[in-house]
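Peer 1: Quick note on numbering: the sequence shown equals residues 1 to 165 in our numbering. Note that the Cβ used here is the ideal one computed from N, Cα and C, for glycine as well. Please read all numbers here as calculations on a predicted model, not as lab measurements.
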Amino acid sequence: MGNNASAKLTKPSVSLSRTERKLIQSSWSSHVRKDEFIGAKVFDRLFTESPEAKDSFSNFANIDVNDDYYNEVLHRHGSRVKNAVGKIIDSLDYPYEYKKFLIRMGARHYKEYNFDPQYSQVILEYFLADIKDTMGEDWGSEIEVAYRKLFSIMTFYMIDLRLDS
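1) Assign HIS75 to one of three DSSP states: helix, strand, or coil.
2) Go ahead and pull the three-state DSSP assignment for ILE143.
3) Give the DSSP-derived three-state secondary structure of GLU36 in the structure shown.
4) Taking all protein chains shown into account, do 16 or more other C-beta atoms lie within 10 angstroms of the C-beta of ASP130, making it buried, or fewer, making it exposed?
5) What's the call for SER30, buried or exposed, on a 16-neighbour Cβ count within 10 Å?
6) Unbroken alpha helix (DSSP H) runs of length 4 or more, entirely within the stretch 89–135: which are they?
7) Check VAL14 in the structure and name its three-state DSSP category.
8) Exposed or buried, LYS54, counting other C-beta atoms within 10 Å across all chains shown (16 or more means buried)?
9) Straight-line CA distance for SER6 to PRO12?
10) In three-state terms, what does DSSP make of SER58?
11) In the structure shown, what three-state DSSP assignment does ILE63 receive?
12) Please list, in chain order, all residues of the same chain as PHE115 whose beta carbon is under 6 Å from its beta carbon, the five residues on each side excluded.
13) Between the alpha carbons of VAL65 and GLY86, how many angstroms are there, rounded?
Structure representation (structure tokens):
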């Protein structure tokens with residue numbers, strides 16, 4: 001009775017249809033990939049609106065936001081995040097590949113960076129808002145639903161599986 005193994009998470013609660021995968025891949029390719037600052041904007045907004053969050057990111061913890069070096073680190077980290085999301089989007093037709101990548105990335109964030117999952121949802125909301133801004137008039141409810149599903153899947157493999165183990 002004490003064994004709760006059947007309650008363990010095994011897959012995300014949502015999935016992407018072929019149409020949604022293509023919509024994400026197309027919008028990413030035509031709009032988002034070209035915005036070289038999208039990742040930096042996400043983290044700058046996080047640290048501006050929640051300054052205490054900066055201490056939860058080892059890359060930023062001891063850097064003054066007014067220091068030029070901060071902008072360098074912000075841009076470098078934002079580029080890595082954007083490139084990682086791009087890699088996931090490029091591999092959406094190969095679930096084994098992106099799942100493996102997300103699980104590894106989640107483990108690395110916990111092990112090497114002492115990642116605090118409380119900020120993950122906020123980061124994804126900021127990322128979504130910046131994608132919407134980047135896409136402008138091409139943004140629509142179908143794209144939003146598709147990206148929300150993608151971010152839910154990403155959260156599951158990077159965070160939820162770790163928290164459930």
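Peer 2: Concretely, from the data shown:
1) In the structure shown, HIS75 sits in a helix (DSSP, three-state: H, G or I).
2) Under the three-state reduction of DSSP output, ILE143 falls in the helix class.
3) Correct three-state label for GLU36: coil.
4) With 16 or more other Cβ atoms within 10 Å, it is buried.
5) SER30 should be labelled exposed.
6) Within the stretch 89–135, the complete alpha helix (DSSP H) runs of at least 4 residues are 95–113 and 120–135.
7) Reduced to three states, the DSSP call for VAL14 is coil.
8) By the Cβ neighbour-count rule, LYS54 is buried, with 16 or more other Cβ atoms within 10 Å of its own.
9) Legend: pLDDT at SER6 = 38, less than 50; position of this residue unreliable, value from coordinates given subsequently. Taking the straight line from one Cα to the other gives about 15 Å.
10) Here SER58 sits in coil by DSSP.
11) Assigned with DSSP and collapsed to three states, ILE63 falls in coil, not helix or strand.
12) Shown here for PHE115: same chain residues with a beta carbon closer than 6 Å to its own, the five before and five after excluded, namely HIS109 in chain order.
13) Each residue's alpha carbon lies about 27 Å from the other.
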